[in-house]
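Undergrad: I have a structure I would like to understand better, so I am pasting it below and will then ask my questions one at a time.
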Amino acid sequence: MVMELWRSEEMMLVQLIIPAEAARDTMAALGDVGLLQFKDLNPDKSPFQRTYANQVKVCDEMARKLRFFEAELEKAEITPRNGMLIDAVSVDEVDVKLEELETELIEVNSNSERLQRSYSELVELQLVLEKAGAFFDEARSEGGALSEIANPLSSGGGIGGDIGAPLLESQGRDMGMARLGFVAGVIPQEKISAFERVLFRATRGNMFLKQSAVGAVVDPTSAEKMEKSVFMVFFAGENARAKILKICEAFGASRYPFPEEVSRQQQMYGEVTSRLLELHTTNEAAQRHREGVLQGIANSLNSWSIQVKREKSVYHHLNKLSIDVTRKCLVAEAWCPTMARGRVQEALRSAAEQASAQVGTIFQPLATSEQPPTFYVASKVQGAFQMIVEAYGVARYREANPAVFTIVTFPFMFAVMFGDLGHAILMLMFAVFMIYKEKQWLKQELNEMVAMAFGGRYVILYMALFSVFCGIIYNEAFSIPMSIFGFSHYTCKYDTPEAIAAWEAAKNDPSQSCIEVLPGDEAYLTTTTFRMPP
Numbered sequence: 001m002v003m004e005l006w007r008s009e010e011m012m013l014v015q016l017i018i019p020a021e022a023a024r025d026t027m028a029a030l031g032d033v034g035l036l037q038f039k040d041l042n043p044d045k046s047p048f049q050r051t052y053a054n055q056v057k058v059c060d061e062m063a064r065k066l067r068f069f070e071a072e073l074e075k076a077e078i079t080p081r082n083g084m085l086i087d088a089v090s091v092d093e094v095d096v097k098l099e100e101l102e103t104e105l106i107e108v109n110s111n112s113e114r115l116q117r118s119y120s121e122l123v124e125l126q127l128v129l130e131k132a133g134a135f136f137d138e139a140r141s142e143g144g145a146l147s148e149i150a151n152p153l154s155s156g157g158g159i160g161g162d163i164g165a166p167l168l169e170s171q172g173r174d175m176g177m178a179r180l181g182f183v184a185g186v187i188p189q190e191k192i193s194a195f196e197r198v199l200f201r202a203t204r205g206n207m208f209l210k211q212s213a214v215g216a217v218v219d220p221t222s223a224e225k226m227e228k229s230v231f232m233v234f235f236a237g238e239n240a241r242a243k244i245l246k247i248c249e250a251f252g253a254s255r256y257p258f259p260e261e262v263s264r265q266q267q268m269y270g271e272v273t274s275r276l277l278e279l280h281t282t283n284e285a286a287q288r289h290r291e292g293v294l295q296g297i298a299n300s301l302n303s304w305s306i307q308v309k310r311e312k313s314v315y316h317h318l319n320k321l322s323i324d325v326t327r328k329c330l331v332a333e334a335w336c337p338t339m340a341r342g343r344v345q346e347a348l349r350s351a352a353e354q355a356s357a358q359v360g361t362i363f364q365p366l367a368t369s370e371q372p373p374t375f376y377v378a379s380k381v382q383g384a385f386q387m388i389v390e391a392y393g394v395a396r397y398r399e400a401n402p403a404v405f406t407i408v409t410f411p412f413m414f415a416v417m418f419g420d421l422g423h424a425i426l427m428l429m430f431a432v433f434m435i436y437k438e439k440q441w442l443k444q445e446l447n448e449m450v451a452m453a454f455g456g457r458y459v460i461l462y463m464a465l466f467s468v469f470c471g472i473i474y475n476e477a478f479s480i481p482m483s484i485f486g487f488s489h490y491t492c493k494y495d496t497p498e499a500i501a502a503w504e505a506a507k508n509d510p511s512q513s514c515i516e517v518l519p520g521d522e523a524y525l526t527t528t529t530f531r532m533p534p
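Going by full-length UniProt numbering, 495 is the number at position 495 of the sequence shown; the sequence numbering is gapless.
This is the structure in structure tokens:
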């Protein structure tokens, strides 16, 4: 046991001849053992030319679907549950399940987006009906009634209609009949000033714009809230209409139909309100269905992720194996710790039985002059220190393990710099708490910050213990001096009542000197340095 701490494990190069029908189960069993390092016997082949390239692609596709599910769960603020690998479910079944769920979720998202877009458009239409009616009332009060509606404008569900009546009638003079049209819609409030300027220049002032801010509403296109304004543009002539429609499209303005008659406005407003209630109910039902689908995904997402990663790793290592000319077996070469030979052979036998192979896997050591890899069997206490050492470099095969020394030297050097009893006790409590929760947290998937601290829990424990020791030696807690061992026995000849009284007297008497001239060092005064006199 002592030698295992100081030296890396003895390694041997082995050759495995695996039946083709048992290749997948055998590699999965060896992966569970986790004590083999396979050599790549196909270094001249690209990843796409290898035997199991298609299986790796399938695993990559499943991983893409899982990332899509993770993104959807994050949007819905649903946390996946911790899961374990389920061996009863095959990877093919998982692939079919993921395909069904992806199709269903995409369809649900599409329906939800369509419903939300329709709801947002109806909300904007409702605002147009509320605000644009006031524009017409204001025009009537200022200039008279609008009449003789003709040639309603219709363009892709977006614009209103033409009205064949004078917009304003001057008192005492007949202006005649003018064919006027209008466009109503909603535009982002930040664009309204530029929108008005461009309209004025494009129509050479032959237009009349009314606008009113309506606050923050959900944009049907981007599904984001933004400040918007309802606008209505009155104009004359078909050329002006074409220009205004193009400008509305360029500024991203949403255009909506608007009738001039008050009765038709009220009827449309009632229809829009009723439709909004229906869409709200339908949208809530769609959201509940989507949450149900996502909850089902969240329950199994981690299990699927583990299984897909495991399967991809299996086929990734199978691609390192060479295929026999008869294509009935695969040949592998791997480094194996000598002490794990029995475990590896037992795993090979179990995999052959599980795959119902006619012959078992052949395990035979190979003689080689290659330098074996370094492998340490590190305990949970030594493991974190081993990682610190290997961050700088890995010892060569069978060299002394420097991590054993680091268990003492690293915490001690930290404690010499830290050296505070109070903070060390807090750090000790934190380390003891993580060790107390060790069994529970090992079964959970921790976030990045907690996982980093939890991985170094024993490093923190040792640093805290050494810091407590140094804090006691330094007589300091929370940066406050203590006197655990009493005052120092060192005495200064100037730290006496007589010396202090003489100092006070000299300080108050200008005729006395407060400076004591000490004699120089004879060795320094008589020693030449670089052939130069002192």
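The beta-carbon is built from N, C-alpha and C at its ideal position, and this holds for glycine as well.
Could you pull out every unbroken alpha helix (DSSP H) segment of at least 4 residues lying fully inside the stretch 218-268, listed in chain order?
TA: Counting only runs of 4 or more, we get 238-250.
Undergrad: Considering only the alpha carbon of each residue, which of 25, 222, 43 lies closest to residue 322?
TA: Among 25, 222, 43, the Cα nearest to that of residue 322 is on 43.
Undergrad: Using the DSSP secondary-structure output, state which residues sit across from residue 37 in a beta bridge.
TA: Residue 37 pairs with 335.
Undergrad: Among 225, 416, 255, 109, which residue has its Cα nearest to the Cα of residue 285?
TA: Per the Cα distances, 109.
Undergrad: Unbroken alpha helix (DSSP H) runs of length 4 or more, entirely within the stretch 281-369: which are they?
TA: With a minimum length of 4 residues, the continuous alpha helix (DSSP H) runs that stay inside the stretch 281-369 are 341-354.
Undergrad: Tell me, please, whether the stretch 442-451 touches the stretch 393-405 by the rule of three or more beta-carbon pairs shorter than 8 Å.
TA: Verdict: no, contact absent.
Undergrad: Return yes when the Cβ of residue 47 is within less than 9 Å of the Cβ of residue 319, no when it is not.
TA: Cβ distance < 9 Å, so residue 319 and residue 47 count as in contact.
Undergrad: Measure the C-alpha to C-alpha separation of residue 76 and residue 113 and round it to an integer number of angstroms.
TA: Rounded to the nearest angstrom, the two C-alpha atoms are 14 Å apart.
Undergrad: Using only CA atoms, which one of 32, 390, 380, 407 lies nearest to residue 454?
TA: For residue 454, the nearest C-alpha among the options comes from 380.
Undergrad: From the DSSP secondary-structure annotation, give me the bridge partner or partners of residue 274.
TA: For residue 274, which the question treats as bridged, DSSP gives no partner whatsoever.
Undergrad: Taking one C-beta from the stretch 202-215 and one from the stretch 265-279 each time, how about it: are there three or more such pairs within less than 8 Å?
TA: In short, these stretches do not touch, since the Cβ pair count stays below three.
Undergrad: Let me confirm a value: residue 280 is counted as buried when at least 16 other C-beta atoms fall within 10 Å, else exposed. Which label applies?
TA: Residue 280 is exposed by the Cβ-count criterion.
Undergrad: Pick helix, strand or coil for residue 486, following the three-state DSSP scheme.
TA: Residue state, collapsed to three classes: coil.
Undergrad: Assign residue 81 to one of three DSSP states: helix, strand, or coil.
TA: Three-state DSSP puts residue 81 in coil, outside helix and strand.
Undergrad: Under three-state DSSP, which class holds residue 147?
TA: Reliability fails at residue 147, whose pLDDT of 40 lies under 50, so the model's placement of it is uncertain and the value that follows must be treated cautiously. Correct three-state label for residue 147: coil.
Undergrad: What would DSSP say about residue 446, mapped onto helix, strand or coil?
TA: Coil, per DSSP.
Undergrad: Which stretch, first to last residue, makes up the alpha helix (DSSP H) that contains residue 411?
TA: That run of the alpha helix (DSSP H) goes 403-418.
Undergrad: Going by C-alpha distance, which of 94, 105, 35, 97 is nearest residue 68?
TA: Residue 105 is the option with its Cα nearest to residue 68.
Undergrad: For a test of the three-state rule: what should DSSP assign to residue 10, helix, strand or coil?
TA: Of the three classes helix, strand and coil, the one that applies to residue 10 here is coil, per DSSP.
Undergrad: CA-CA distance, residue 117 and residue 276?
TA: About 12 Å.
Undergrad: Beta carbon of residue 195: closer than 8 Å to some heavy atom of the ligand MG?
TA: In terms of ligand content, the structure shown is empty, and the ligand MG therefore cannot be addressed.
Undergrad: Just the C-alpha distance for residue 115 and residue 61, rounded to the nearest angstrom, thanks.
TA: For residue 115 and residue 61, the distance between alpha carbons rounds to 30 Å.
Undergrad: Give me the residue from 473, 316, 357 with the minimum Cα distance to residue 54.
TA: The shortest Cα separation from residue 54 among 473, 316, 357 belongs to 316.
Undergrad: With a CB to CB cut of under 6 Å and the five nearest residues on each side skipped, what residues in its chain are close to residue 418?
TA: Here the set comprises 467.
Undergrad: Hey, quick one: how far does the alpha helix (DSSP H) through residue 53 stretch, first residue to last?
TA: Note, residue 53: alpha helix (DSSP H), 53-75.
Undergrad: Would you give the residue range spanned by the alpha helix (DSSP H) that residue 422 belongs to?
TA: Per DSSP, residue 422 belongs to the alpha helix (DSSP H) from 421-436.
Undergrad: So what does residue 373 bridge to, in DSSP terms?
TA: Answer is none; residue 373 lacks a bridge partner.
Undergrad: Closer than 7 Å by C-beta to residue 474: which residues in its own chain qualify, once you throw out the five before and the five after it? Chain order, please.
TA: Here the set comprises 419.
Undergrad: Is residue 451 near residue 427, with beta carbons less than 9 Å apart?
TA: No, these two residues do not count as a Cβ contact at 9 Å.
Undergrad: Restricting to Cα atoms, I'd like to know which of 363, 365, 471 is closest to residue 412.
TA: If we check each option's Cα against that of residue 412, 471 comes out closest.
Undergrad: Any chance the stretch 336-350 sits against the stretch 26-36, with 3 or more Cβ pairs inside 8 Å?
TA: At 8 Å Cβ cutoff, the stretches touch.
Undergrad: According to DSSP, is residue 216 part of a helix, a strand, or is it coil?
TA: Note: residue 216 maps to strand in three-state DSSP.
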